[in-house]
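A.B. asks: The structure follows.
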Amino acid sequence: MKVKFLGSFYDELPPPDYPEAVFVGRSNVGKSSLLNMLAGARVARVSKTPGRTRALNYFLLNDELYLVDAPGYGFARVPREELERWKELMERYFAERKDNLKTAFLLVDAKTGPTALDEQTMDWFEYYGIPYVVVLTKTDKASQKELASTLKKLRQRVGEGAIVLTSAKEGRGRKELLALLFK
Ligand SMILES: Nc1nc2c(ncn2[C@@H]2O[C@H](COP(=O)(O)OP(=O)(O)OP(=O)(O)O)[C@@H](O)[C@H]2O)c(=O)[nH]1
Ligand SMILES: [Mg+2]
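The sequence shown runs contiguously to residue 185 in this note's numbering.
What follows is the structure, given as structure tokens:
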């Protein structure tokens, strides 16, 4: 797949010339790693220090779709003010791009399951009428029991068809995710 990094945006976003998809999720959940897995190359920076990605990173996939790597939320050491700034950025992003946004991908750690902020993000998607898919990440680290518990929690909220199991480490779920992105 052809992937071009367009830059990091904070205030003014690129012109809405292509439909877009966004990766959202808590800090360290594996957003950048998953993007690299899809690209089959190292296009996004994988953080050693969680909570480092602060802006919206725009990528152009196959000259037809924007993929946005959003900053992570909920990293414990990120101060309150930072969380407020994150909320403000994301609120503004959803409001501004809602007509352009095809699908939002909410990345949730397969081992720990959805956090309170993940639930809040789902509320936003519903509020703005944005179709979303839940992507479980790092399935290689979750036991069968942990995975079953995470799936049980999520199925109460989203339909079965809207959950994808992935591992950037093992390349799991690449085909399914690409199919959903380019649908
Ligand atoms: N075992 C395992 N580790 C993973 C996987 N995906 C990501 N990681 C690790 O998790 C850490 C965070 O990965 P990132 O891709 O930087 O996460 P992120 O969501 O982009 O983080 P922020 O940009 O800080 O919000 C890194 O140490 C990765 O190597 C996976 O599928 N399996
Ligand atoms: Mg990242």
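Where a beta carbon is used, it is the ideal one built from N, C-alpha and C, also for glycine.
Since this is a predicted model, take the numbers as computed values, not measurements.
For Lys142, verify whether its CB is less than 8 Å away from any heavy atom of ligand 2.
C.D. replies: The displayed chain sequence assigns Asp, not Lys, to residue 142. False, no ligand heavy atom lies under 8 Å from that Cβ.
A.B. asks: With hydrogens ignored, establish whether the beta-carbon of Arg47 is closer than 8 Å to any heavy atom of ligand 2.
C.D. replies: Result yes, Cβ under 8 Å from ligand 2.
A.B. asks: Enumerate, from N- to C-terminal direction, the unbroken beta strand (DSSP E) stretches of 3 or more residues contained entirely within the region 121-168.
C.D. replies: Segments of the beta strand (DSSP E) lying fully in the region 121-168: 134-139, 165-167.
A.B. asks: Starting from Tyr95, follow the alpha helix (DSSP H) in both directions and report where the run begins and ends.
C.D. replies: Looking at the DSSP string, the run of the alpha helix (DSSP H) that includes Tyr95 is 82-99.
A.B. asks: If distances are taken between C-alpha atoms only, which option among Met3, Pro18, Phe7 comes closest to Leu103?
C.D. replies: Taking only the C-alpha atoms, the option nearest Leu103 is Pro18.
A.B. asks: For Asn30, does the three-state DSSP call read helix, strand or coil?
C.D. replies: Correct three-state label for Asn30: coil.
A.B. asks: Find out if the Cβ-Cβ distance for the pair Asn59, Phe107 is shorter than 9 Å.
C.D. replies: Contact flag unset, no.
A.B. asks: Starting from the C-beta of Met39, find all residues in its chain whose C-beta is less than 7 Å away, skip the five residues before and the five after it, and write them out in chain order.
C.D. replies: The answer, listed in chain order, is Ala170, Gly173, Arg176.
A.B. asks: Reducing DSSP to helix, strand and coil, say where Lys104 ends up.
C.D. replies: Residue state, collapsed to three classes: strand.
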